[in-house]
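Novice: Residue numbers (the numbering used here): 438 to 568.
The beta-carbon is built from N, C-alpha and C at its ideal position, and this holds for glycine as well.
Encoded as structure tokens, here's the structure I'll be asking about.
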Amino acid sequence: MLPDHPRAPKRKRASIKPMRLDDDELAAIEAAADRYGLTFSSFVRAASLSAAQGKGLAGLPIRSVRRKPVDREMLARVLGQLGKIGNNLNQLAKNGYSGLDPAERAQVAEVLGEIRALAPQIMDALGKGGP
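See below:
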């Protein structure tokens, strides 16, 4: 971020309110959050505050810049395929790269490193990233 870029100060939100949803409710809220470009928590907070103020969903800001919608199903499939590919490459490495010349070994190691770097990025896009 640029040093002269104005930014609103972060508010500390200390209260946590767990909620229970069935699968259909969760999917509907996640889809709506994606349409508004908000995280799940931001959408629930904004929708709740807007409803409490009598504005309904018309009072919600659309923030496509903040978080772009992702195709969660597709990313989950990609993550699964990356896991399978990584597993195959690991097995190849554990078997001593049998039949591979040094250049091919280096290429396998490089691809395995790229896969290891992609997985956390996909998890983050799915909203399942670490702290």
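Is the segment 518-535 touching the segment 470-479 in the sense that three or more CB pairs, one from each, lie closer than 8 Å?
Specialist: With the cut-off at 8 Å, the segment 470-479 and the segment 518-535 do not touch.
Novice: Spatial neighbours of D459 within its chain, please: CB distance less than 8 Å, with the 5 preceding and 5 following residues excluded, ordered by chain position.
Specialist: Within the same chain, D459 has no close Cβ partners at all.
Novice: Any chance you could list the beta strand (DSSP E) runs of at least 3 consecutive residues sitting entirely within the segment 529-555, in chain order?
Specialist: Listed in chain order, there is nothing to give.
Novice: For a test of the three-state rule: what should DSSP assign to M511, helix, strand or coil?
Specialist: Three-state DSSP puts M511 in a helix.
Novice: Could you tell me whether the segment 506-515 touches the segment 539-549, using the rule of 3 or more Cβ pairs below 8 Å?
Specialist: Result no; under three Cβ-Cβ pairs closer than 8 Å.
Novice: Between which two residues does the alpha helix (DSSP H) containing R482 stretch?
Specialist: Counting along the chain, the alpha helix (DSSP H) containing R482 begins and ends at 477-489.
Novice: For R503, does the three-state DSSP call read helix, strand or coil?
Specialist: Residue confidence for R503 is low, a pLDDT of 49 falling below 50, so the modelled location carries little weight and cannot support an answer.
Novice: Drop a sphere of 10 angstroms on the beta-carbon of A484, count the other beta-carbons inside from all chains shown, and report buried for 16 or more, exposed for fewer.
Specialist: With 16 or more other Cβ atoms within 10 Å, it is buried.
Novice: Exposed or buried, A465, counting other C-beta atoms within 10 Å across all chains shown (16 or more means buried)?
Specialist: Its Cβ having fewer than 16 others within 10 Å, A465 is exposed.
Novice: Quick one: what does DSSP say K454 is sitting in, helix, strand or coil?
Specialist: In this structure, K454 counts as coil in the three-state DSSP scheme.
Novice: Go ahead and pull the three-state DSSP assignment for D459.
Specialist: It is coil, neither helix nor strand.
Novice: Using the beta-carbon count (16 or more within 10 Å), is V470 buried or exposed?
Specialist: It is worth fixing the name first, because residue 470 is Ala in this sequence and not Val. Counting Cβ neighbours within 10 Å, A470 comes out buried, since at least 16 surround it.
Novice: Residues in the same chain with beta-carbon distance under 6 Å from K521, minus the five sequence neighbours each way, listed in chain order, please.
Specialist: Cβ within range, chain order: n/a, list empty.
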